[in-house]
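One line per chain: the protein sequences are A and B, in this order. Counting from 557, one number per residue, gives the positions in the first sequence under this note's numbering. Counting from 102, one number per residue, gives the positions in the second sequence under this note's numbering. Glycine included, C-beta positions come from ideal geometry on N, C-alpha and C. Here is the structure we will look at.
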Amino acid sequence: MAAEQKILLVDDDQNFLDVYRETLRKLPGEPAVQTANTGARALAILEAEPFHLLIVDLNMPKMDGLQVLSVARRKFPNLPLVVWTGMTDEHFRLRAYALGVDQYWQKPSNPQDIESFRLSMDSLLNRQVNGGFRGVQSKSLVDLIQLECQSLSSSVIKISNGRLDARIWIHSGQLIDAEAQQLQGEEAFREVFSWKGGNFEILPPEPERPRAIFTSYQGLLLETLQALDESKAGEATATASAGSAEETANLTTMTSLAAMSRFEGVEFALACAPEKPSCSWGLERPEPMQQWLRQVRQGFSSLGEQLKVGDLRQLSCKDQRHFITITPTGDGELCVGFQNKLSADKIRETLKTILAKWGS
Amino acid sequence: MGFLKIFSKGENRPLTRLPSGSFTIDREGNVVASTLPQSFPAAHVAQISLQVRAAFRSAQQAEISISELIIDYAALRLTARELRGGAMIFLTPLIPN
Numbered sequence: 557m558a559a560e561q562k563i564l565l566v567d568d569d570q571n572f573l574d575v576y577r578e579t580l581r582k583l584p585g586e587p588a589v590q591t592a593n594t595g596a597r598a599l600a601i602l603e604a605e606p607f608h609l610l611i612v613d614l615n616m617p618k619m620d621g622l623q624v625l626s627v628a629r630r631k632f633p634n635l636p637l638v639v640w641t642g643m644t645d646e647h648f649r650l651r652a653y654a655l656g657v658d659q660y661w662q663k664p665s666n667p668q669d670i671e672s673f674r675l676s677m678d679s680l681l682n683r684q685v686n687g688g689f690r691g692v693q694s695k696s697l698v699d700l701i702q703l704e705c706q707s708l709s710s711s712v713i714k715i716s717n718g719r720l721d722a723r724i725w726i727h728s729g730q731l732i733d734a735e736a737q738q739l740q741g742e743e744a745f746r747e748v749f750s751w752k753g754g755n756f757e758i759l760p761p762e763p764e765r766p767r768a769i770f771t772s773y774q775g776l777l778l779e780t781l782q783a784l785d786e787s788k789a790g791e792a793t794a795t796a797s798a799g800s801a802e803e804t805a806n807l808t809t810m811t812s813l814a815a816m817s818r819f820e821g822v823e824f825a826l827a828c829a830p831e832k833p834s835c836s837w838g839l840e841r842p843e844p845m846q847q848w849l850r851q852v853r854q855g856f857s858s859l860g861e862q863l864k865v866g867d868l869r870q871l872s873c874k875d876q877r878h879f880i881t882i883t884p885t886g887d888g889e890l891c892v893g894f895q896n897k898l899s900a901d902k903i904r905e906t907l908k909t910i911l912a913k914w915g916s
Numbered sequence: 102m103g104f105l106k107i108f109s110k111g112e113n114r115p116l117t118r119l120p121s122g123s124f125t126i127d128r129e130g131n132v133v134a135s136t137l138p139q140s141f142p143a144a145h146v147a148q149i150s151l152q153v154r155a156a157f158r159s160a161q162q163a164e165i166s167i168s169e170l171i172i173d174y175a176a177l178r179l180t181a182r183e184l185r186g187g188a189m190i191f192l193t194p195l196i197p198n
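Here it is, written out as structure tokens:
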């Protein structure tokens, strides 16, 4: 007798979970359908028992769907993964497929879509898995580091390039140290990226490793890749003319923003100025944030005039993970995202330093 | 021409000192509760509500899930907490420096 098929359905919307649990239970194989309303809960359930299909929503608080998928793909390479989402952005589709999902669905909205969804899930459940490697894709070292850090993993990445050998230590999603040749810490990290190629493997974590890198992984990756790009560009432009003044200004702004990663607890930054392209660091999708920022600044500036309470000095807001400050800077705005756990005093102090540096 | 900046600053305008207090609005913008003095103009309450609701709504549209907004003016701090579509708004007068 065949083992019972099991589906794990993950969404933060309980109504969706209830409706689709019933829909999927009625599939011909009458699979058992379990639900989870957070990413963390889903991973805990996956650890506890085997499943035949994982269906994940992308937009969830705390741990989003992409994080769940990246962990699930790594830990359960044979598990078919399906995304169902209300988000129409093509960017998410590409990222999900890059993580190795089997199918990507817009949340079904009419009976026809629901039927297609059911049939498709049924065929995935019945698909014969012929063994071998699944979901193994050509990943770059950058992808791998991002994957490990975003999924809050702890591991040691060993990189070999001929006789050269390097290691990068990651602990709970934080880049803590690197070692390459005689180099240590950030220098070693940069050295690894200067190699033209290599193989890597993931080793068990070494939590006792003392921390030698204090810059966030996004900041360090950005800086390192930028430095590499610049050195490549330098070589390329040795015989060509210099870039335009605007490009140079943008590069300077980018570098200044990336330098903010050196401040403890700073997770992203965005600089906007009217009629100029905005520059950001650490934000996956800066455009909606930039648009919101301008809208809100305009709205509250005019409110200040109506109430006669003076100029708008600063705007701050809190989301689940960040304390975000928005400071008018002449004709634009500088937005800095801090980790929520930082104390108000620490944020104030850091922001003061950042603004002083930014102004200069 | 840098000296012209002193004319464009606009900080020399007389500032209004607003009272401290708080009020709560529902998702339609109706005031549900208020600790503001009765002398506080209703038009001000309406203007503040409008901007706060617009800010929370546009944040939601941009998929930025903010729960609290703090707006610092020279003479006033507004703190708005999202409340299931409505908001609780605190007014704290500041001493302009």
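Residue-chain proximity (leucine 170(B), chain A), Cβ-Cβ < 7 Å:
What you label residue 170(B) is simply residue 69 of the second sequence in a count that begins at 1. Yes, because at least one Cβ of chain A sits closer than 7 Å to the Cβ of leucine 170(B).
Under the three-state DSSP convention, the category glutamate 742(A) falls into:
Here the question's residue 742(A) lines up with position 186 in the first sequence. Helix at glutamate 742(A).
Supposed contact pair alanine 628(A) and leucine 610(A) - C-beta distance, whole angstroms, cut 8 Å
Taking the first residue of the first sequence as 1, we reach residue 610(A) at position 54. Taking the first residue of the first sequence as 1, we reach residue 628(A) at position 72. A Cβ-Cβ separation of about 6 Å places leucine 610(A) in contact with alanine 628(A) under the 8 Å criterion.
Across which residues does DSSP place arginine 185(B) in a beta bridge pair?
Looking up residue 185(B) in the second sequence gives position 84. For arginine 185(B), which the question treats as bridged, DSSP gives no partner whatsoever.
Beta-carbon of aspartate 733(A) versus every beta-carbon of chain B: anything under 7 Å?
In the first sequence, residue 733(A) corresponds to position 177, counting from 1. With 7 Å as the cut-off, aspartate 733(A) does not count as an interface residue toward chain B.
How about leucine 195(B): is its Cβ closer than 6 Å to a heavy atom in the ligand NAD?
Among the components modelled here there is no ligand, and therefore nothing to report on the ligand NAD.
Which residues in the same chain as isoleucine 724(A) place their Cβ atom closer than 6 Å to its Cβ, once the five residues preceding and following it in sequence are excluded?
Numbered from 1 along the first sequence, position 168 holds the residue referred to as residue 724(A). Correct list, in chain order: Ile713 and Ala734.
In three-state DSSP terms, what is glutamine 623(A)?
For the purposes of this step, residue 623(A) is taken as residue 67 along the first sequence, with counting starting at 1. In this structure, glutamine 623(A) counts as helix in the three-state DSSP scheme.
So alanine 592(A) is in the beta strand (DSSP E); what residue range does that whole segment cover?
Numbered from its first residue, the first sequence carries residue 592(A) at position 36. Looking at the DSSP string, the run of the beta strand (DSSP E) that includes alanine 592(A) is 588-592.
Nearest-angstrom Cα separation, counted from glycine 893(A) out to histidine 608(A):
Reading the first sequence from its first residue, position 52 is the one you call residue 608(A). Reading the first sequence from its first residue, position 337 is the one you call residue 893(A). Looking at the backbone, the Cα of histidine 608(A) and that of glycine 893(A) are separated by about 39 Å.
Looking at the secondary structure, which residues open and close the alpha helix (DSSP H) in which histidine 608(A) lies?
Start at 1 with the first residue of the first sequence, and residue 608(A) comes out as number 52. That residue, histidine 608(A), is in no alpha helix (DSSP H); it is neither H nor E in DSSP.
Is the Cβ of proline 142(B) closer than 7 Å to any Cβ of chain A?
In the second sequence, counting from the first residue as 1, residue 142(B) sits at position 41. No, proline 142(B) does not count as interfacial toward chain A.
Going by alpha carbons, who is nearest to serine 140(B) out of Leu184(B), Pro115(B), Gly122(B) and Leu179(B)?
The residue you call residue 140(B) lines up with position 39 of the second sequence. The shortest C-alpha separation from serine 140(B) is found at Gly122(B).
Thinking C-beta only, is alanine 181(B) closer than 7 Å to leucine 195(B)?
Counting from 1 along the second sequence, the entry for residue 195(B) is found at position 94. Counting from 1 along the second sequence, the entry for residue 181(B) is found at position 80. Taking 7 Å as the Cβ cut-off, leucine 195(B) and alanine 181(B) do not qualify as a contacting pair.
From the beta carbon of threonine 193(B), is the nearest beta carbon of chain A less than 7 Å away?
Working through the second sequence from its first residue, we reach residue 193(B) at position 92. Output row for threonine 193(B): interface = no.
Same chain, Cβ closer than 7 Å to glutamine 876(A), neighbours up to 5 away in sequence not counted
In the first sequence, the residue the question calls residue 876(A) occupies position 320. Answer for glutamine 876(A): Pro617 and Lys618, listed in chain order.
So, does the region 729-743 of chain A touch the region 655-662 of chain A, judging by three or more C-beta pairs under 8 Å?
In short, these stretches do not touch, since the Cβ pair count stays below three.
Applying a beta-carbon distance threshold of less than 8 Å, which residues of chain B neighbour arginine 869(A)?
Locating residue 869(A) in the first sequence gives position 313, counting from the first residue. Under the 8 Å cutoff, chain B gives Asp173, Tyr174 and Ala175.
Quick one, which residues of the region 838-850 of chain A are near chain B if we go by CB-CB under 7 Å, in chain order?
Cβ contacts with chain B come from Pro844, Met845, Gln847 and Trp848.
Given a limit of 8 Å on CB to CB distance, which residues of the region 122-133 of chain B reach chain A?
Nothing from the region 122-133 of chain B brings a Cβ to less than 8 Å from some Cβ of chain A.
Would you check if the distance between the CB atom of leucine 871(A) and the CB atom of isoleucine 167(B) is smaller than 7 Å?
One-based indexing of the first sequence puts residue 871(A) at position 315. One-based indexing of the second sequence puts residue 167(B) at position 66. No; because the gap between Cβ atoms is not below 7 Å, this pair is not in contact.
If you compare alpha carbons, which of Leu192(B), Arg178(B), Phe157(B) and Ala176(B) is closest to glycine 211(B)?
There is simply no residue 211(B) to check, as chain B begins at 102 and stops at 198 in what is shown.
With a cut-off of 8 Å, do at least 3 Cβ pairs link the region 771-779 of chain A to the region 700-709 of chain A?
The region 771-779 of chain A makes contact with the region 700-709 of chain A; the number of CB pairs closer than 8 Å reaches 3 or more.
Can you tell me whether alanine 155(B) is helix, strand or coil according to DSSP?
If you number the second sequence from 1, residue 155(B) lands on position 54. Of the three classes helix, strand and coil, the one that applies to alanine 155(B) here is helix, per DSSP.
Taking DSSP as the reference, what is the three-state secondary structure of arginine 651(A)?
Within the first sequence, numbered from 1, the residue matching residue 651(A) stands at position 95. Helix at arginine 651(A).
Please report the distance separating the alpha-carbon of isoleucine 601(A) from that of lysine 562(A).
Taking the first sequence and counting its residues from 1, one reaches residue 601(A) at position 45. Taking the first sequence and counting its residues from 1, one reaches residue 562(A) at position 6. Answer to the nearest angstrom: the Cα atoms are 12 Å apart.
Just verifying my parser: in three-state terms, what is the DSSP assignment at proline 844(A)?
Position 288 of the first sequence, counted from the start, is the residue given in the question as residue 844(A). When secondary structure is reduced to three states using DSSP, proline 844(A) falls in the helix class.
Buried or exposed (CB count within 10 angstroms, at least 16 for buried), leucine 625(A):
Position 69 of the first sequence, counted from the first residue, corresponds to residue 625(A). Buried: at least 16 other Cβ atoms inside 10 Å.
Pull out every residue of the region 856-884 of chain A whose Cβ sits closer than 7 Å to any Cβ of chain B, in chain order.
For the region 856-884 of chain A, which is checked against every Cβ of chain B, the residues closer than 7 Å are Phe856, Leu859, Gly860, Gln862, Leu863, Lys864, Val865, Gly866, Asp867, Leu868, Arg869, Gln870, Leu871, Ser872, Cys873, Lys874, Asp875 and Gln876.
For my contact list, isoleucine 165(B) and methionine 845(A) are in at a C-beta cut-off of 8 Å; report their separation, rounded to the angstrom.
The residue given as residue 165(B) occupies position 64 in the second sequence. The residue given as residue 845(A) occupies position 289 in the first sequence. In this structure isoleucine 165(B) is in contact with methionine 845(A), their Cβ atoms being roughly 6 Å apart against a cut-off of 8 Å.
Are the beta-carbon atoms belonging to glutamine 64(B) and leucine 849(A) less than 7 Å from one another?
In this structure chain B extends from 102 to 198, so residue 64(B) is not present and cannot be described.
Roughly how many angstroms separate the alpha carbons of valine 589(A) and arginine 597(A), rounded to a whole number?
Stepping through the first sequence from its first residue, residue 589(A) is reached at position 33. Stepping through the first sequence from its first residue, residue 597(A) is reached at position 41. Cα to Cα, valine 589(A) sits roughly 15 Å from arginine 597(A).
Using the rule of at least 16 other Cβ atoms within 10 Å of the residue's Cβ for burial, across every protein chain shown, is glycine 687(A) buried or exposed?
Taking the first residue of the first sequence as position 1, residue 687(A) is located at position 131. Note on glycine 687(A): pLDDT 37, under 50, position unreliable in the model; the coordinate value appears next. By the Cβ neighbour-count rule, glycine 687(A) is exposed, with fewer than 16 other Cβ atoms within 10 Å of its own.
Continuous beta strand (DSSP E) stretch holding valine 639(A): start and end
For the purposes of this step, residue 639(A) is taken as the residue at position 83 of the first sequence. Secondary structure note for valine 639(A): its beta strand (DSSP E) is the uninterrupted segment 637-641.
Measuring alpha carbon to alpha carbon, tell me which residue in Glu831(A), Ala912(A), Glu762(A) and Ala829(A) is nearest isoleucine 732(A).
Translated into positions along the first sequence, residue 732(A) becomes position 176. The residue with the shortest Cα to Cα distance from isoleucine 732(A) is Glu762(A).
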